[in-house]
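J.: Residue numbers (the numbering used here), protein chains in the order written: chain L, 1 to 232; chain E, 233 to 574.
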Amino acid sequence: MSIVRTLLCTLVLVTAAPAGAHRLDEYLQATTIALEKTRVEADIRLVPGVDVFPLVFAEIDRDADGVVSSAEQRAYAQRVCDDLSLKVDGIPMTLRLVSSAISPKVLLQDGRGEIRVQVEADVPGSAARRRLDFENRHQTRIGAYLVNVLVPADPEMQVTAQHRNYDQSSFQLDYTDASALSFASWVEAWSWIDIALAVLTLGLIVSAWRVTAKARRSHHERLGAPSVGDHP
Amino acid sequence: MNTFPLKVLRDLAAFAVLCLVSHAVTAQTPTAQIVGAVNTFLSTLDDAQRKKVLFAFDDQQQRQRWSNLPISSVSRAGLSMGELSQPQRSAAFAVVSAALSRRGFEKVQQIMEADELLKKDAAKPIFGKDLYFISILGTPSEKTPWMLQFGGHHLALNITIAGDRGVLTPSLVGAQPALYKVNDKTIRPLGQESDRALALLNALDDAQRKQAILSYRVADLVLGPGQDGKTIQPEGLKASAMNESQRTMLIDLIAEWAGIVHDSAAGPRMAEIKSGLNDTWFAWSGATTADPGRNITAYYRIQGPNLVIEYAPQPLGGDPSLHLHTMYRDPTNDYGRTVTGK
Chain L
1 MSIVRTLLCT
11 LVLVTAAPAG
21 AHRLDEYLQA
31 TTIALEKTRV
41 EADIRLVPGV
51 DVFPLVFAEI
61 DRDADGVVSS
71 AEQRAYAQRV
81 CDDLSLKVDG
91 IPMTLRLVSS
101 AISPKVLLQD
111 GRGEIRVQVE
121 ADVPGSAARR
131 RLDFENRHQT
141 RIGAYLVNVL
151 VPADPEMQVT
161 AQHRNYDQSS
171 FQLDYTDASA
181 LSFASWVEAW
191 SWIDIALAVL
201 TLGLIVSAWR
211 VTAKARRSHH
221 ERLGAPSVGD
231 HP
Chain E
233 MNTFPLKVLR
243 DLAAFAVLCL
253 VSHAVTAQTP
263 TAQIVGAVNT
273 FLSTLDDAQR
283 KKVLFAFDDQ
293 QQRQRWSNLP
303 ISSVSRAGLS
313 MGELSQPQRS
323 AAFAVVSAAL
333 SRRGFEKVQQ
343 IMEADELLKK
353 DAAKPIFGKD
363 LYFISILGTP
373 SEKTPWMLQF
383 GGHHLALNIT
393 IAGDRGVLTP
403 SLVGAQPALY
413 KVNDKTIRPL
423 GQESDRALAL
433 LNALDDAQRK
443 QAILSYRVAD
453 LVLGPGQDGK
463 TIQPEGLKAS
473 AMNESQRTML
483 IDLIAEWAGI
493 VHDSAAGPRM
503 AEIKSGLNDT
513 WFAWSGATTA
523 DPGRNITAYY
533 RIQGPNLVIE
543 YAPQPLGGDP
553 SLHLHTMYRD
563 PTNDYGRTVT
573 GK
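1) Pairing CB atoms from the stretch 441 to 454 of chain E with CB atoms from the stretch 152 to 160 of chain L, are three or more of them under 8 Å?
2) Roughly how many angstroms lie between the CA atoms of Ala21 (chain L) and Asn415 (chain E), to the nearest whole one?
3) Return the chain-ordered ranges of every beta strand (DSSP E) run that is complete within the stretch 135 to 176 of chain L and spans a minimum of 3 residues.
4) Which chain L residues are close to Tyr448 (chain E), counting only those with a beta carbon under 8 Å from its beta carbon?
5) Compile a chain-ordered list of the residues in the stretch 538 to 562 of chain E whose CB is closer than 9 Å to at least one CB of chain L.
6) Exposed or buried, what is Pro589 (chain E) when buried is set at 16 or more other beta-carbons lying within 10 Å of its beta-carbon?
7) Checking contacts by CB at 8 Å: is Val405 (chain E) closer than that to chain C?
8) Please name the residues in the stretch 22 to 36 of chain L whose beta-carbon is closer than 8 Å to at least one beta-carbon of chain E, in chain order.
9) Helix, strand or coil for Ala330 (chain E) per DSSP?
10) Can you give the Cα-Cα distance for Asp61 (chain L) and Asp452 (chain E), rounded to whole angstroms?
11) If you follow the beta strand (DSSP E) that Tyr76 (chain L) is part of, which residue opens it and which one closes it?
12) Return the Cβ separation of Pro97 (chain L) and Gln78 (chain L) in integer angstroms, given the expectation that the two are a contact with Cβ distance under 8 Å.
13) Among E:Asp562, E:Asn527 and E:Gly370, which has the Cα closest to the Cα of Asp291 (chain E)?
14) Measure the CB-CB distance between Gly49 (chain L) and Gly113 (chain L) and report whether it falls below 8 Å.
15) Using only the alpha-carbon positions, how far apart do Leu24 (chain L) and Ile486 (chain E) sit?
16) With distance defined between alpha-carbon atoms, name the residue in E:Arg420, E:Leu433 and E:Asn271 nearest to Ser517 (chain E).
17) Are any of the Cβ atoms in chain L nearer than 8 Å to that of Asp452 (chain E)?
18) For Lys339 (chain E), count neighbouring Cβ atoms within 10 angstroms of its own Cβ and tell me buried if that reaches 16, exposed if not.
19) Identify every residue that forms a DSSP beta bridge with Gln535 (chain E).
20) Answer yes if the stretch 370 to 381 of chain E comes into contact with the stretch 458 to 472 of chain E, meaning at least three C-beta pairs across the two stretches below 8 Å, and no otherwise.
21) Gly90 (chain L) to Lys413 (chain E), Cα distance in whole Å?
22) Whole alpha helix (DSSP H) runs in the stretch 23 to 66 of chain L with 4 or more residues, listed along the chain?
23) Would DSSP call His494 (chain E) helix, strand or coil?
24) Let me know if Arg334 (chain E) comes out buried or exposed under the rule of 16 or more other beta-carbons within 10 Å of its beta-carbon.
25) Looking at C-alpha atoms only, which residue of L:His220, L:Thr38 and L:Arg216 is the closest neighbour of Ser126 (chain L)?
26) Please list the partners that Arg141 (chain L) has in chain E, where partner means a Cβ-to-Cβ separation under 7 Å.
27) Select from E:Gln281, E:Leu455, E:Leu554 and E:Ala269 the residue whose C-alpha is nearest the C-alpha of Glu315 (chain E).
28) Assign Trp209 (chain L) to one of three DSSP states: helix, strand, or coil.
29) Determine the direct distance from the alpha carbon of Val52 (chain L) to that of Ser307 (chain E), and round the result to whole angstroms.
30) What residues from the stretch 452 to 466 of chain E come within 7 Å of chain L, judged by C-beta to C-beta, listed N to C?
31) Indicate the three-state DSSP secondary structure (helix, strand or coil) for Gly545 (chain E) in the structure shown.
32) Which class does Ser2 (chain L) belong to by DSSP, given the choice of helix, strand or coil?
33) Less than 8 Å separating the beta-carbons of Gly395 (chain E) and Tyr364 (chain E)?
34) Any heavy atom of the ligand FAD closer than 7 Å to the beta-carbon of Ser333 (chain E)?
35) Is it true that the stretch 69 to 85 of chain L meets the stretch 134 to 148 of chain L, where meeting means three or more beta-carbon pairs spaced less than 8 Å apart?
36) Taking 6 Å as the limit between beta carbons, can you name the residues of its chain near His163 (chain L), skipping five residues before and five after?
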């Protein structure tokens with residue numbers, strides 16, 4: 001305990017520490033994406049800094065009575081949802097609001113509360129290789145974004161590449177689904193050259209089979225296979 | 233004539249007893265020492281205090297009641313240091329000391345001392361050493377699993393003890409101010425975490441740095457409080473692409489967190505981390521330099537099969553090198569689930 005005593009007696013602060021410092025002038029928006037074969041879920045955690053709290057809270061508390069009603073909470077969560085976009089293989093997906101939660105105002109205004117918004121989208125069809133594009137355009141002027149994908153729980157799905165812009169408001173993700181290796185997805189995955197080669201190979205096999213069959217018939221004819229009338 | 237040998241015999245007997253006691257103490261297993269310290273601490277408490285400090289081992293709410301935030305925003309349960317008398321407080325610190333390594337305990341003291349500095353500047357009484365809490369989940373035992381929690385602002389130690397195993401995940405270690413002076417000596421509670429990471433980055437060649445340095449900004453912890461059991465897709469440079477010297481530097485850096493717990497528990501944990509080292513990733517985002525003696529302002533993450541470490545300076549309008557949050561996890565073994573089954 002001598003260290004503690006020494007510290008107590010002689011503390012000298014190098015730089016004045018901001019008292020109670022928490023996120024000040026940014027609106028942190030951390031998204032975690034969960035991938036399933038036919039569904040994508042995004043969990044967004046939003047934390048307004050002290051300096052931007054009035055701006056954010058005015059967006060939530062539309063009637064300015066200082067209280068966030070459940071209707072206001074849901075409406076705000078829906079606006080967050082509307083500011084998100086999700087594409088799978090270049091096709092826009094419809095994001096649905098699943099749930100939302102909000103900390104008490106007293107915590108939010110001190111930079112210590114958070115808003116949670118959970119959204120989801122169905123992913124139609126199946127493909128061996130897929131590309132997901134996610135974008136968050138909510139409060140871009142003050143937004144500080146994070147976006148990450150969870151390792152898929154399904155071992156047949158694998159993330160193969162991730163790309164983000166500098167502020168992480170835009171995210172591109174490539175992934176594979178081993179269970180989607182159907183004929184259709186093979187064809188989809190193949191190039192035209194692959195398909196042409198496959199057709200050519202199939203044609204060669206059929207031709208070879210026909211030539212062999214014809215040769216076999218000729219051989220039998222040359223041997224003079226007995227006809228019905230030749231039997232004794 | 234007869235008194236002399238009797239006195240010698242008595243002294244020898246006393247010495248022998250002392251040796252035996254001393255041997256018994258030093259021969260105790262670390263778990264026995266922690267259990268002994270907890271029982272001593274509990275014996276100093278009255279009934280009401282004991283009720284406050286004890287929880288069921290499988291109390292999920294209490295397990296997850298930790299944060300980087302001060303208690304005014306995330307309330308803690310258990311007994312705060314401010315509620316304890318001086319002997320009780322000493323007994324509580326003896327418990328924490330027994331559960332941690334020497335460096336781990338020193339780190340905890342420095343983090344609390346930093347928070348004491350915040351208290352002096354704060355308008356509200358939401359900081360300071362009095363606002364760190366101790367709690368015990370389950371019955372302290374050398375055989376059956378139980379848990380010790382100690383934390384407050386910028387500190388959350390969750391230590392699951394199961395026989396001779398000690399699991400420190402998930403734990404949060406932060407500091408503000410992350411640099412201060414005592415008797416002209418600079419104290420950086422998380423200085424090694426900064427310096428060793430920067431040294432590793434500087435030891436990488438251009439191609440490795442290109443892999444390790446992310447092209448985007450990371451504004452905060454990704455797997456902080458409330459993110460138990462999650463595993464994000466790793467990024468950066470894989471340790472399998474590092475040379476032996478770089479891998480040693482990475483291991484030394486990881487040890488800053490894995491070595492907070494007492495040495496007997498840290499050993500097997502480091503062995504586990506080393507066995508998964510080839511699949512461990514190192515990713516960096518932000519400035520690649522730091523002034524001598526100052527902390528880095530960059531974010532970095534180390535992620536392996538049984539490991540997530542995040543180092544996240546907080547950009548709060550001030551100097552991010554002075555306000556640090558770090559996270560230490562094993563997503564496969566949060567709260568020691570693999571050793572306790574709960």
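Every residue, glycine too, gets a C-beta built ideally from N, C-alpha and C.
T.: For this structure:
1) Contact fails: fewer than three Cβ-Cβ distances are below 8 Å.
2) Per-residue confidence for Ala21 (chain L) stands at a pLDDT of 44, beneath the threshold of 50, marking its modelled position as unreliable; no derived number is given.
3) Within the stretch 135 to 176 of chain L, the runs of beta strand (DSSP E) that reach at least 3 residues and sit entirely inside it are, in chain order, 143 to 149 and 157 to 164.
4) Neighbours of Tyr448 (chain E) on chain L, chain order: Arg164, Asn165, Tyr166, Asp167 and Gln168.
5) Residues passing the 9 Å Cβ filter: Gln546, Pro547, Leu548, Gly549, Gly550, Asp551, Leu554 and His555.
6) There is simply no residue 589 (chain E) to check, as chain E begins at 233 and stops at 574 in what is shown.
7) As a matter of chain content, chain C is missing from the structure shown, whose protein chains are L and E.
8) Correct list: His22, Arg23, Leu24, Asp25, Glu26, Leu28, Ala30 and Thr32.
9) Three-state DSSP puts Ala330 (chain E) in a helix.
10) Asp452 (chain E) has its alpha-carbon roughly 27 Å from the corresponding atom of Asp61 (chain L).
11) No beta strand (DSSP E) contains Tyr76 (chain L), which is instead part of the alpha helix (DSSP H) from Ser70 to Asp82.
12) The question names Pro, yet the displayed sequence has Leu at residue 97 (chain L). Indeed they touch by this definition, with Cβ atoms about 5 Å apart.
13) Taking the Cα of Asp291 (chain E) as reference, the smallest distance to any Cα among E:Asp562, E:Asn527 and E:Gly370 is reached at E:Gly370.
14) No, these two residues do not count as a Cβ contact at 8 Å.
15) Going by the C-alpha atoms only, they are around 31 Å apart.
16) Ranking the options by Cα distance to Ser517 (chain E), first place goes to E:Leu433.
17) At a cut-off of 8 Å, the C-beta of Asp452 (chain E) has a neighbouring C-beta in chain L.
18) Lys339 (chain E) is buried by the Cβ-count criterion.
19) Looking at the DSSP output, Gln535 (chain E) shares a beta bridge with E:Trp513 and E:Val540.
20) Judged by Cβ distances under 8 Å, the stretch 458 to 472 of chain E makes no contact with the stretch 370 to 381 of chain E, as fewer than three pairs qualify.
21) In a straight line, the C-alpha of Gly90 (chain L) is about 56 Å away from that of Lys413 (chain E).
22) If one requires a minimum length of 4 residues, the alpha helix (DSSP H) runs lying completely within the stretch 23 to 66 of chain L are 53 to 60, in chain order.
23) Three-state result, His494 (chain E): coil.
24) Arg334 (chain E) comes out exposed.
25) For Ser126 (chain L), the nearest C-alpha among the options comes from L:Thr38.
26) Chain E residues near Arg141 (chain L): none, gap ~15 Å exceeds 7 Å.
27) Here the closest residue by C-alpha is E:Gln281.
28) DSSP places Trp209 (chain L) in helix when its eight states are reduced to three.
29) Distance from the CA atom of Ser307 (chain E) to the CA atom of Val52 (chain L), rounded to whole angstroms, is 24 Å.
30) Flagged, chain order: Asp452, Val454, Lys462, Thr463, Ile464 and Gln465.
31) The question names Gly, but residue 545 (chain E) is Pro in the sequence shown. Pro545 (chain E): strand per DSSP, three-state reduction.
32) Because Ser2 (chain L) carries a pLDDT of 44, less than 50, the predicted location of this residue cannot be relied on, and the following value inherits that uncertainty. Helix.
33) Not in contact: Gly395 (chain E) and Tyr364 (chain E) (Cβ atoms no closer than 8 Å).
34) No copy of the ligand FAD appears in this structure; indeed no ligand is present at all.
35) The answer is yes - the stretch 134 to 148 of chain L touches the stretch 69 to 85 of chain L, with three or more Cβ pairs under 8 Å.
36) If we look at His163 (chain L) and ignore the five residues flanking it on each side, its Cβ neighbours are Gln172.
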